[in-house]
Every structure is written in C-alpha cells, then in structure tokens.
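Working notes, structure below.
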Amino acid sequence: AALDAGPQVHDVGSIAELVDRLVRAADGLAPTAPVVAQRFDEHLLEEGRLPTRLDLDAVDRPTLVYRLCGHVAVANTAALAAAGIGPDPPPIDGGAIDLDDFGRPTGVLREEAIGLVASALEGGTGPGPEGLARALRRFRSEGLTRVGAILAPGSGLWCATGDELDAAVALGDDLPLPVHVYVATTDIAALRASGAAIEAAGTPKLSFAGLKLFADGSFGGATAAMSDGAGITRLRPKRDLPLAQLALDLGGGVAVHAIGDAAVSATLDLFEALMDRGADPARLRVEHASTLTDDLIERMALLGVGVGAQPAFVGSDHPWLSEALGDTARLAHRFGSLDSAGVTVGGGSDCPVEPASPLWGMRWARDRNGFHESEAVDGATALGWWTDGAHRLLGLPAPLGPGAPADLTILSADPTATPAERLSTIGIATIVGGDDV
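First residue of the sequence shown? That's 1395 in this note's numbering, and the numbers climb one at a time after it.
Rendered as structure tokens:
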C-alpha cells in the first residue's frame, strides 16, 4: 500500500489534538484541496472512541481520516456532501455507514463505504515514484531483498493516495528492490490492464504476482467477519471467481485478506472452486488468517494452500485483543498450530499498518507478550517464514540455491539465538542481485 501520503496522525492523544493537526495540515494546502490523513488509533485517544463528522467539521474543507488499519475512516460533513451522502444514506454492499440515534450519518465509514467518499475527493495525491523509491530503500535497510506488494490501480488501495501501480511502472529498472505485485481490484478490466502494464514495463524488477481480494475487514475496526455474524463480508463469489481465474490465467496467484473465521471459511470455499477448475493450491494464499478454528487449520493443510502471516499484529493488538474478542481470542494468531499442521507460512508486515522490518515480525512470532503463548514459534521457524516460506508463497525457488539471485541479508548476530526482545538491535546489510550499493 502507499506510504508517506498525507498527514500522519498515529501519535495524537485526543480528538482535540487530532483536529488541531488536521487544521494545521489544511493551512498548508491549496484552498480547494481536501485533507486526507492516515493512521489514527482510537485506543490511544483519551476519549477512547472514534471521532465523528461533527468533530472534524472544525476543518474548513472536505476531510477524511483513516484508521490505522485502513478498514475504517471518518469523514466530515463536507466530505460526505462531496460524495452525495446525505441524512438518509442507502445500505452499502460490503460496507457500512454508521448512523446516530436519529438515523443520520456519524461520519464513520467502514470497508467499501470508504471508497464512496475517497473517490469523490479531488486532489488526493500519493507518494509518486520518488516516494515509492524512498520507501523501498528503507525496506532494504531493514533487511528486505525483494517485496510482495499490494498495489492498486486508479485511486489507490486506501488513503486517496493516487495510482500506486503507475508509480511502480514509472520507476521500472530504477526500483531499489524487485517488486512482485498483487493487484488490488475488483474490476476485471483493471486487472487485465494492470497485468499488461507490468509486462510492458519490461523489467525483471517488476512482476505480476496475482490478485488481492478482501473477504472482510479488521479486528480493530470491528469489521472482521466472524462465525457469530459479526463484521462485514466482502467476498462476492459471482464477481470474484472470474477475477481470480483471470489472475491465474495471467500467470499469477490469488491472495485473499481474511481476518475472521467466517471470512477464512469463505476464502477456502473460493479456493476449492478454483482448484475444481485445476488451480495449483501453491498459488493460493490466505492473507492474515487471523482467526482459526482447528477445522479451518486442518482444511488449509489438506487443501495445500498457504498463509501470509503478519506476527507484528500480536505486538500492536495484544493490549486490547482479549477484551475485544472474549473467548474467541484463543483462536487468534495461531502461528504454532499452523506450523504444527504443516501449512506453508510466509512472513509479512502489512506495512504501512505495521513496521516493514522482518526482524520486528520475527520478534512477535516468538514473543506473544502473554497473549496465548502456546502459539509462539521458535527462532528457526520464524526465520524460515521470511526466507523459504516467503519465497514459496511468491512462487520463487528457495533462496541460496544454485541459480538463485544473489540476494543476501547479512546480520551481525544469529536471529534464531538472539532473544526475541533484542532482535531489533541486530545490525543489517543487504546485497540485492549481487549489488551491495
């Protein structure tokens, strides 16, 4: 997803401080430009709640503020009006507009309702090629030698960040790292055009990895699709099966974001339908797979599909996750159970939601800070997720094998023996394709 676009508000401690930050950001913009901010977290606000449109109406222009997960945003009255959302909004398929006690929009938008406002706000800009290159250089300094990136054509995956795919294509051979692109779209024409644009770029540094779909939302946004009926379901089989089949026909794979157990189950139904058409399960992966019953883990193992895991979620979510999920918390982030079942797991970050650093992710795969510690994995397993596991999910040969690219991450200490809480102190150097510059 896009990085470094718009004011960052992850460190505000109150709604008043949030509004002050937004007003100051507006002062630096053109008179007609909207304010689009990222990464607020209501758990850090002294009010302990989401802001509302009335809170944000202190900003003198259309304003949209994204929660750090990207699955919830808050719009002020001017932004709602720009999108044609009035006092009695219609239901949103795959999303929701929160209403107050009088049936009027509060400004809180969930899942696909966000796009209605984001697409109506002109002037939102992304990091562009320079910003993308800057982010990739930072990733390399943190030990990455290539990335599997979720990029969206058109208006961007979230945060009104402009065309992320165009930025990658524009860089071409100047990409600081090889980028394997999962295209985030539900438009079959856009998927086909994106695959063609990547191929036309004509560089080994940019490749089509497949399609990214969303089955639900997030724990923090209360939009994870759970088996008790909570959350928001975003998969639509009649639409998504042809999309996924096209991604496979173009030589890529399919990655589906699924946080809740109902979302994981629906994702596996989609994968089984693809496998009935001859799909290789190695090209199918559940992204996150954050809530897993024993039956779902067994089903994944039997199907042979993979999981893209983000252990850093444990670090950020554990202070409130047990209270939010209740008894279901025991089913969250079941890393050890996935490993024991033999499911192929690749380590990821979900950056910019979490830090990109593999060592940071390895820490939380091992150190669950008291959150269901029986699901921790050992150091060798955690390291394997960011090496062999990640390569397998991307359909690449095992690293360090004959003929493999000379991509090396050189560490000042053994990450499998270093205590988890000290992994961030390890020094890092990288060589990418034989180049250490």
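Using N, Cα and C, we set each Cβ at its ideal position, and we do this for glycine too.
In the DSSP assignment, Ser1601 is bridged to His1574. Contact check for Gly1702 against Ala1641 fails: the beta carbons are separated by 7 Å or more. The region 1478-1497 and the region 1530-1545 do not touch, with fewer than 3 CB-CB distances between them shorter than 8 Å. Counting along the chain, Val1739 sits inside the beta strand (DSSP E) bounded by residues 1739-1741. Measuring C-alpha to C-alpha distances from Val1468 to each of Leu1438, Val1429, Gly1497 identifies Val1429 as the nearest. CA-to-CA, the gap between Ser1734 and Thr1500 works out to about 45 Å.
For the pair of segments examined, the region 1736-1745 was found to touch the region 1779-1786: the number of CB pairs separated by less than 8 Å reaches three.
Take the alpha-carbon of Val1771 and the one of Ala1419: they are about 43 Å apart.
Approximately 6 Å separates the beta-carbon atoms of Leu1412 and Pro1445; this is inside 8 Å, confirming the contact. Per DSSP, the unbroken beta strand (DSSP E) holding Asp1492 starts and ends at 1489-1493.
Short of 7 Å from the beta carbon of Leu1493, and not among the five residues preceding or following it, lie these beta carbons of its own chain, in chain order: Pro1499, Thr1500.
Judged by beta-carbon spacing, Ala1561 lies beyond the 7 Å limit of Pro1598, meaning their Cβ atoms are not closer than that value. Ala1774 has its alpha-carbon roughly 28 Å from the corresponding atom of Thr1722.
In the three-state scheme derived from DSSP, where H, G and I count as helix and E and B as strand, Val1648 is classed as strand. For Phe1434, the closest alpha carbon among the candidates Gly1730, Asp1414, Val1459 is that of Val1459. The region 1607-1623 and the region 1654-1666 touch, with three or more beta-carbon pairs separated by less than 8 Å. For His1785, the enclosing alpha helix (DSSP H) starts and ends at 1784-1787. In this structure, the alpha-carbon of Leu1538 lies about 15 Å from that of Ser1806.
Ala1431 and Phe1496 have their C-alpha atoms roughly 28 Å apart. Nearest to Thr1627 by alpha-carbon distance, out of Glu1505, Ala1814, Ala1473, is Glu1505. In the structure shown, the three-state DSSP call for Arg1633 is helix. Taking C-beta atoms as the reference points, Val1680 and Trp1758 fail to come closer than 7 Å. By the criterion of a C-beta distance shorter than 6 Å, Ala1814 is surrounded in its chain by Arg1757, Arg1760, Asp1761, once the five residues flanking it on both sides are discounted.
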